[in-house]
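K.L.:
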Amino acid sequence: MIRILHLFTAALLLASLASAADYPTVIRIGYPGVANDNYSPVGTATAGTLAAKGILEDEFKKEGIKIEWTFFKGAGPALNEALANGLLDFAAGLGDLPAIVHRAGGITTEVLATNYRGQTTYIVVPNDSPAKELKDLKGKKIAIFKGTNVSLSWAKILKDQGVQESDFRTLNLDAGTSRSAIATRDVDAYVGGNDVFQLRNRGVGKIIYGTPGRSPFLGRFSTLNVVDTFEKKYPDVVQRFVNDWVKEAAWGSKEENRLDVFRWWAKNGQSWQDYKEDLGSDTLASHLSPLLDAHFYSHFTSGIKVSLDNKLIRQPFEVKDWVNDTYLKKALKEQGLETFWSTYDDGGKLAVKGVVQ
Amino acid sequence: MSISRPIPIPSTPLIRRAAAFQAALRRPDYRGLYLPAALVVLWSLATYFGWVDTRILVSPLETLKTAWHLLISKMLWVSLGYSLARDASGFLAGSIIGLLLGTLLGTSRLADRLISPTFHAFKQIAVFAWIPLIAVWFGLGEPAKIAFIALVVFPPVLLNTFDGIRSVSRDYIEVARAFEFSTLQQSLRVILPAALPQIFTGLRLGLIYAWLATIGAEYFLKAAPGVGNILIDGREKFLMDQVITGVAVVAAVGYVFHYLTARLEKRLLSWRTRTDVP
Amino acid sequence: MNAQATQLALGSPTLSPVRTWIVPRWIGQSFAVTARTLFLPLLILGLWQLTSWRGWIAPQILPAPTIVWATFVELIRSGDTPTNLLISLERVGWGFLAGGSIGLVFGILMAQFPSFRAYVYPSFTIFTQVPALGWIPLLMMFVGIGEALKIIIIAKAAMVPVAINTFQGIRNIPENHFEVASVFRLTRLQVVHKVILPAALPSIFTGLRYGLTHAWLALVTVELLASSEGIGFQMVWGRQLFQLDVVIASILVIGIVGLSIDLVFSLIESRLLRWRRAAF
Chain A
1 MIRILHLFTA ALLLASLASA ADYPTVIRIG YPGVANDNYS PVGTATAGTL
51 AAKGILEDEF KKEGIKIEWT FFKGAGPALN EALANGLLDF AAGLGDLPAI
101 VHRAGGITTE VLATNYRGQT TYIVVPNDSP AKELKDLKGK KIAIFKGTNV
151 SLSWAKILKD QGVQESDFRT LNLDAGTSRS AIATRDVDAY VGGNDVFQLR
201 NRGVGKIIYG TPGRSPFLGR FSTLNVVDTF EKKYPDVVQR FVNDWVKEAA
251 WGSKEENRLD VFRWWAKNGQ SWQDYKEDLG SDTLASHLSP LLDAHFYSHF
301 TSGIKVSLDN KLIRQPFEVK DWVNDTYLKK ALKEQGLETF WSTYDDGGKL
351 AVKGVVQ
Chain B
358 MSISRPIPIP STPLIRRAAA FQAALRRPDY RGLYLPAALV VLWSLATYFG
408 WVDTRILVSP LETLKTAWHL LISKMLWVSL GYSLARDASG FLAGSIIGLL
458 LGTLLGTSRL ADRLISPTFH AFKQIAVFAW IPLIAVWFGL GEPAKIAFIA
508 LVVFPPVLLN TFDGIRSVSR DYIEVARAFE FSTLQQSLRV ILPAALPQIF
558 TGLRLGLIYA WLATIGAEYF LKAAPGVGNI LIDGREKFLM DQVITGVAVV
608 AAVGYVFHYL TARLEKRLLS WRTRTDVP
Chain C
636 MNAQATQLAL GSPTLSPVRT WIVPRWIGQS FAVTARTLFL PLLILGLWQL
686 TSWRGWIAPQ ILPAPTIVWA TFVELIRSGD TPTNLLISLE RVGWGFLAGG
736 SIGLVFGILM AQFPSFRAYV YPSFTIFTQV PALGWIPLLM MFVGIGEALK
786 IIIIAKAAMV PVAINTFQGI RNIPENHFEV ASVFRLTRLQ VVHKVILPAA
836 LPSIFTGLRY GLTHAWLALV TVELLASSEG IGFQMVWGRQ LFQLDVVIAS
886 ILVIGIVGLS IDLVFSLIES RLLRWRRAAF
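Sequences listed follow chains A, B and C, in order.
First residue of the first sequence: 1, per my numbering; consecutive thereafter.
First residue of the second sequence: 358, per my numbering; consecutive thereafter.
First residue of the third sequence: 636, per my numbering; consecutive thereafter.
(1) Take every Cβ of the region 252-259 of chain A, pair it with every Cβ of the region 234-244 of chain A, and state whether three or more of those distances are shorter than 8 Å.
(2) Can you look up F90 (chain A) in the DSSP assignment and give me helix, strand or coil?
(3) For the candidate residues B:I565, B:D444 and B:S416, whose alpha-carbon lies nearest to that of L765 (chain C)?
(4) Do three or more CB pairs link the region 266-277 of chain A to the region 186-206 of chain A at distances below 8 Å?
(5) What number of angstroms, rounded off, separates the C-alpha of R443 (chain B) from the C-alpha of T571 (chain B)?
(6) Taking the straight line between their C-alpha atoms, what separation do you get for F340 (chain A) and G583 (chain B)?
(7) Is the region 299-308 of chain A touching the region 93-107 of chain A, taking contact as three or more C-beta pairs under 8 Å?
(8) In the DSSP assignment, the alpha helix (DSSP H) including A605 (chain B) goes from what residue to what residue?
(9) Since D590 (chain B) meets chain A, which of its residues come closer than 9 Å, beta carbon to beta carbon?
(10) DSSP three-state call for E69 (chain A): helix, strand or coil?
(11) Rounded to the nearest angstrom, what separates L617 (chain B) and E57 (chain A) at their Cα positions?
(12) Would you mind giving the Cβ-Cβ distance between G147 (chain A) and L876 (chain C), rounded to the nearest angstrom? I have them listed as a contact below 8 Å.
(13) Along the region 671-693 of chain C, what residues have a CB closer than 7 Å to any CB found in chain B?
(14) Beta-carbon within less than 8 Å of K791 (chain C)'s beta-carbon, same chain only, minus the 5 sequence neighbours each way: which residues are those?
(15) For Y26 (chain A) and F71 (chain A), which I take to be in contact (beta-carbon distance under 8 Å), what is that distance rounded to the nearest angstrom?
(16) Using a C-beta to C-beta distance shorter than 7 Å, which residues of chain B count as neighbours of G176 (chain A)?
(17) Beta-carbon of R874 (chain C) versus every beta-carbon of chain A: anything under 8 Å?
(18) Three-state secondary structure (DSSP) at T343 (chain A)?
(19) Residues of the region 473-506 of chain B with a CB closer than 7 Å to any CB of chain A: list them in chain order, please.
(20) V899 (chain C) touches chain A at which residues, Cβ-Cβ below 9 Å?
(21) To which residues of the same chain is R806 (chain C) closer than 8 Å at the C-beta, ignoring the five residues directly before and after it?
(22) Is A567 (chain B) close to chain C? Criterion is C-beta to C-beta, closer than 8 Å.
(23) Which stretch, first to last residue, makes up the beta strand (DSSP E) that contains L112 (chain A)?
(24) Under 8 Å by Cβ, that's how I've got I123 (chain A) and A189 (chain A) pegged, so tell me the actual separation to the nearest angstrom.
(25) Closer than 8 Å by C-beta to F614 (chain B): which residues in its own chain qualify, once you throw out the five before and the five after it? Chain order, please.
(26) Quick check: the region 305-319 of chain A against the region 333-348 of chain A, are at least 3 beta-carbon pairs closer than 8 Å?
(27) Answer with yes or no whether the minimum CB distance from S817 (chain C) to chain A is below 8 Å.
(28) Would L433 (chain B) and L427 (chain B) be called neighbours here (beta carbons separated by less than 8 Å)?
(29) To the nearest angstrom, how far is it from the Cα of I702 (chain C) to the Cα of D880 (chain C)?
(30) Measuring only the C-alpha atoms, how far is F221 (chain A) from N115 (chain A)?
(31) With C-beta atoms as the reference, is P700 (chain C) less than 8 Å away from L680 (chain C)?
(32) By how many angstroms is the C-alpha of A375 (chain B) removed from the C-alpha of E810 (chain C)?
(33) Please classify T655 (chain C): is it buried, with 16 or more other beta-carbons within 10 angstroms of its beta-carbon, or exposed?
(34) Name, going along the chain, the residues of the region 450-474 of chain B whose beta-carbon falls closer than 8 Å to a beta-carbon of chain C.
(35) Of the residues that make up the region 79-107 of chain A, which ones have a beta carbon closer than 7 Å to any beta carbon in chain B?
(36) At which residues does the alpha helix (DSSP H) containing R185 (chain A) begin and terminate?
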């Protein structure tokens with residue numbers, strides 16, 4: 001009797017060992033940003049809705065794998081610190097500059113898919129400011145969250161407007177603090193994303209510059225990255241993750257889901273009308289496409305160059321060494337979505353039309 | 358023999374002080390409350406008349422209401438619990454390191470000469486400057502916060518332990534030697550009690566610093582439940598009443614620590630005749 | 636690197652017989668002291684270089700000492716460090732001036748006028764209980780994040796030790812000093828000049844010293860939070876861009892400044908208080 005028990009426990013142990021070899025006990029995902037209340041586990045774009053809907057939790061419930069989402073108030077830079085310490089397996093929705101920074105610094109991740117492309121950047125000033133354009137703000141205090149993809153966009157905006165960073169006094173503040181600083185008029189301007197709409201709606205700020213309608217070169221990208229050691233160890237897990245990612249991106253790209261998508265994003269405390277306004281007449285698909293197409297490559301290659309010029313990174317690297325699109329390709333094939341999204345060329349213009357565009 | 362009139366008491370400084378002391382004993386001194394009371398009145402007037410931006414300045418009544426709500430809600434006590442837990446862990450870690458190193462430096466001349474200069478140089482670095490490094494080395498979560506608190510706690514503990522052991526008079530050791538104490542007896546019965554007051558001062562300082570470091574860690578490192586988070590949250594949402602409540606909680610805990618350790622010190626070291634006033 | 640071997644090699648008098656005919660004693664002694672002081676730092680440096688060289692720790696987490704040194708020099712050469720340091724020192728200067736003077740005045744008033752003390756002291760103790768960090772959120776809402784915030788926080792940090800030490804210093808003057816003064820029938824001014832000041836000066840000086848140290852600490856803290864210039868900002872900039880060598884180089888600068896402040900004060904203290912015949 002005892003011997004059977006021993007055999008049984010031995011078998012159980014062996015089985016658990018075997019499964020342990022194939023599956024991790026926990027998947028740690030980082031998201032660079034926090035909801036307005038600093039607590040809720042929600043966000044925007046594919047990464048955000050993936051978190052909010054708990055899709056991965058359902059996906060991996062069978063194997064008993066725990067999904068741990070961490071939302072970083074310090075955005076990209078804070079996420080990078082966690083990556084450097086080996087505290088994360090995935091970075092979902094990491095901005096282009098922090099991703100470039102950590103890769104240039106030697107942290108080996110792989111890009112699996114795009115999260116959001118062509119994200120907008122705005123410059124907002126206090127309501128009673130006399131400034132009408134960027135040039136009017138020379139010598140004034142501007143709040144920027146350094147190290148995030150906003151600062152890369154900022155570097156490009158500077159060049160586009162023909163001014164230099166040294167013409168201004170830039171302060172490093174996170175998004176929440178920057179918005180408060182505009183409200184109290186502690187800073188003369190804030191360069192941020194569509195969260196600036198909150199200030200305009202409250203009547204404390206007015207927007208003097210926005211990237212919508214301007215060169216696609218100025219837009220921001222964010223991506224899904226995986227730590228290469230995790231990818232090599234658990235390729236099945238990564239594939240299933242990417243499958244869910246693509247499925248979620250496809251859901252978000254369907255125009256009939258437009259209002260739904262905004263409502264999910266609005267769970268982070270910002271009004272869904274802001275998102276509607278930010279998107280304007282663009283289709284969701286044009287932003288949420290997870291493809292790693294020519295536009296993606298050109299954006300990041302130019303991004304590396306701009307970062308190098310602005311001394312944001314010390315040494316360059318090749319984008320194609322960084323990208324691992326095997327999982328994406330497989331997911332697209334399995335779900336029959338190979339022609340679903342449009343592809344864009346180097347200049348960000350439409351190359352091949354997709355089913356949704 | 359009756360006294361027809363009271364004998365005039367000469368007015369020397371000492372007697373004057375004694376008389377004032379007696380008087381103070383008999384009647385509690387309320388004068389200390391006048392200033393805070395005046396400030397509260399000013400505050401109320403400012404909110405009532407709108408001298409300061411009312412979006413920011415909240416009336417004392419509102420603040421009290423918020424404070425009351427926070428007090429009876431679970432959130433405050435839960436946050437306090439988290440903060441105190443961090444405080445305790447960091448304090449424990451830091452004091453153990455401080456005690457061990459302090460004893461080492463106190464007993465060994467060689468160790469002192471080798472380690473002290475470097476230690477003093479490191480002590481000069483403003484302690485909050487370590488935060489970025491700690492954030493990268495330990496991540497942003499609990500280990501980082503506890504590491505930071507320990508970092509802040511161990512210098513005063515180390516220095517005071519060192520001082521305490523060094524100041525043990527030679528004579529005591531000689532008496533111990535005369536009685537042929539073993540090393541263990543020597544350390545337990547002679548060195549430890551002699552050094553204990555100073556070591557205790559170090560631990561007291563460490564406790565005060567630990568609480569400050571706890572708030573600082575919560576402020577600078579990742580947001581997690583805690584009193585520091587109440588402060589940050591309040592500031593971002595412009596809830597001045599929440600911030601003031603948070604500040605009051607910080608002060609109150611600091612005061613409680615101060616009081617408890619003073620009582621503990623009196624108890625533990627009552628066998629010492631203290632000539633200085635704590 | 637064997638400590639004993641080093642000491643033997645440098646002719647330390649404690650481990651080898653005095654060989655004055657080869658190496659004069661004072662040279663040997665100063666070498667020994669230098670060796671002892673540098674032993675631990677060099678050991679740490681060596682370990683650090685080894686870990687980077689062998690790659691035991693990722694270079695993003697711990698850059699090699701050589702890189703850190705190169706960055707340190709580069710920051711000075713490019714003018715980043717000097718500009719930022721100057722701005723930080725200026726802030727500390729003003730804050731310390733303001734806070735120190737207020738602290739001195741407070742301390743003197745509290746010590747000399749019992750009624751003032753009765754009104755102010757309890758509030759003062761409560762005020763000191765809350766660290767500078769605790770005041771920052773509140774203050775931020777009132778004065779924003781500009782220079783005013785920084786100067787006020789630095790002043791507060793400086794004021795507290797100065798006030799406390801001045802107060803204690805004057806209060807602890809033994810009564811008999813005053814009695815001797817009254818025997819000699821000194822005027823009030825003379826009492827201040829010849830009795831109070833010299834007796835309280837050591838305490839006041841300690842207060843000023845702690846005040847400046849705390850002011851420097853407060854500066855770093857406040858610059859970490861919201862600044863566009865200053866040495867704290869330089870550290871934040873390095874952290875945001877994941878350039879740890881910039882962070883460590885900034886820490887070096889902060890440490891050097893702190894050390895210099897301490898050194899300068901020690902020198903002044905030993906000079907100024909030379910007349911004291913202390914027991915130790």
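C-beta: ideal position from N, C-alpha, C; glycine also.
P.N.:
Straight from the coordinates:
(1) no
(2) Here residue 90 (chain A) refers to the residue found at position 90 when the first sequence is read from its first residue. Residue state, collapsed to three classes: strand.
(3) Locating residue 765 (chain C) in the third sequence gives position 130, counting from the first residue. Residue identity check: residue 765 (chain C) is Val in the sequence provided, not Leu. Among B:I565, B:D444 and B:S416, the Cα nearest to that of V765 (chain C) is on B:I565.
(4) yes
(5) Position 86 of the second sequence holds residue 443 (chain B). Position 214 of the second sequence holds residue 571 (chain B). Distance between the alpha carbons of R443 (chain B) and T571 (chain B) is about 7 Å.
(6) Numbered from 1 along the first sequence, position 340 holds the residue referred to as residue 340 (chain A). Numbered from 1 along the second sequence, position 226 holds the residue referred to as residue 583 (chain B). Between F340 (chain A) and G583 (chain B), the C-alpha separation is close to 47 Å.
(7) yes
(8) Position 248 of the second sequence, counted from the start, is the residue given in the question as residue 605 (chain B). Note, A605 (chain B): alpha helix (DSSP H), M597 to L625.
(9) Locating residue 590 (chain B) in the second sequence gives position 233, counting from the first residue. Going along chain A in sequence order, the residues near D590 (chain B) (Cβ under 9 Å) are D37 and N38.
(10) Mapped onto the first sequence, residue 69 (chain A) falls at position 69. According to the sequence as given, residue 69 (chain A) is Trp; it is not Glu. DSSP places W69 (chain A) in strand when its eight states are reduced to three.
(11) Looking up residue 617 (chain B) in the second sequence gives position 260. Looking up residue 57 (chain A) in the first sequence gives position 57. C-alpha separation (whole angstroms): 47 Å.
(12) In the first sequence, residue 147 (chain A) corresponds to position 147, counting from 1. In the third sequence, residue 876 (chain C) corresponds to position 241, counting from 1. Confirmed, Cβ separation roughly 5 Å.
(13) R671, T672, F674, L675 and P676
(14) Locating residue 791 (chain C) in the third sequence gives position 156, counting from the first residue. So the qualifying residues of the chain are G734, A767, W770 and A853.
(15) Counting from 1 along the first sequence, the entry for residue 26 (chain A) is found at position 26. Counting from 1 along the first sequence, the entry for residue 71 (chain A) is found at position 71. In the sequence as presented, Tyr is not what sits at residue 26 (chain A); that position holds Val. With 8 Å as the limit, V26 (chain A) and F71 (chain A) do not qualify as a contact, their Cβ atoms being about 16 Å apart.
(16) Position 176 of the first sequence holds residue 176 (chain A). Within chain B, the residues near G176 (chain A) are E593.
(17) Stepping through the third sequence from its first residue, residue 874 (chain C) is reached at position 239. Yes, because at least one Cβ of chain A sits closer than 8 Å to the Cβ of R874 (chain C).
(18) Translated into the one-based positions of the first sequence, residue 343 (chain A) becomes position 343. In the structure shown, T343 (chain A) sits in a strand (DSSP, three-state: E or B).
(19) A492, V493, G496 and L497
(20) Residue numbering aside, residue 899 (chain C) sits at position 264 when the third sequence is read from its first letter. Chain A residues near V899 (chain C): none, gap ~32 Å exceeds 9 Å.
(21) For the purposes of this step, residue 806 (chain C) is identified with residue 171 of the third sequence, where counting begins at 1. Around R806 (chain C): A746.
(22) For the purposes of this step, residue 567 (chain B) is taken as the residue at position 210 of the second sequence. No, no contact with chain C.
(23) In the first sequence, the residue the question calls residue 112 (chain A) occupies position 112. Where L112 (chain A) is concerned, the enclosing beta strand (DSSP E) stretches over T109 to Q119.
(24) Taking the first residue of the first sequence as 1, we reach residue 123 (chain A) at position 123. Taking the first residue of the first sequence as 1, we reach residue 189 (chain A) at position 189. Right, the Cβ-Cβ distance comes to about 6 Å (below 8 Å), so this counts as a contact.
(25) Stepping through the second sequence from its first residue, residue 614 (chain B) is reached at position 257. These residues qualify, in order along the chain: L564, I565 and W568.
(26) no
(27) Your numbering for residue 817 (chain C) matches position 182 in the third sequence. By this cut-off, S817 (chain C) is not an interface position.
(28) Position 76 of the second sequence, counting from 1, holds the residue named residue 433 (chain B). Position 70 of the second sequence, counting from 1, holds the residue named residue 427 (chain B). Contact flag set, yes.
(29) Looking up residue 702 (chain C) in the third sequence gives position 67. Looking up residue 880 (chain C) in the third sequence gives position 245. Approximately 7 Å between the Cα atoms of the pair.
(30) Counting from one through the first sequence, the residue named residue 221 (chain A) turns up at place 221. Counting from one through the first sequence, the residue named residue 115 (chain A) turns up at place 115. For F221 (chain A) and N115 (chain A), the distance between alpha carbons rounds to 7 Å.
(31) Taking the first residue of the third sequence as position 1, residue 700 (chain C) is located at position 65. Taking the first residue of the third sequence as position 1, residue 680 (chain C) is located at position 45. Yes, the pair counts as a contact, with Cβ atoms nearer than the cut-off.
(32) Along the third sequence, read from residue 1 onward, the residue named residue 810 (chain C) stands at position 175. Along the second sequence, read from residue 1 onward, the residue named residue 375 (chain B) stands at position 18. For E810 (chain C) and A375 (chain B), the distance between alpha carbons rounds to 13 Å.
(33) Numbered from 1 along the third sequence, position 20 holds the residue referred to as residue 655 (chain C). Note that T655 (chain C) scores 48 on pLDDT, short of 50, meaning its location in the model is unreliable; the coordinates nonetheless yield the value given after this. It counts as exposed.
(34) L467, R470, L471, I472 and P474
(35) E81, A82, A84, N85 and L87
(36) What you label residue 185 (chain A) is simply residue 185 of the first sequence in a count that begins at 1. Where R185 (chain A) is concerned, there is no enclosing alpha helix (DSSP H), given that its DSSP letter is neither H nor E.
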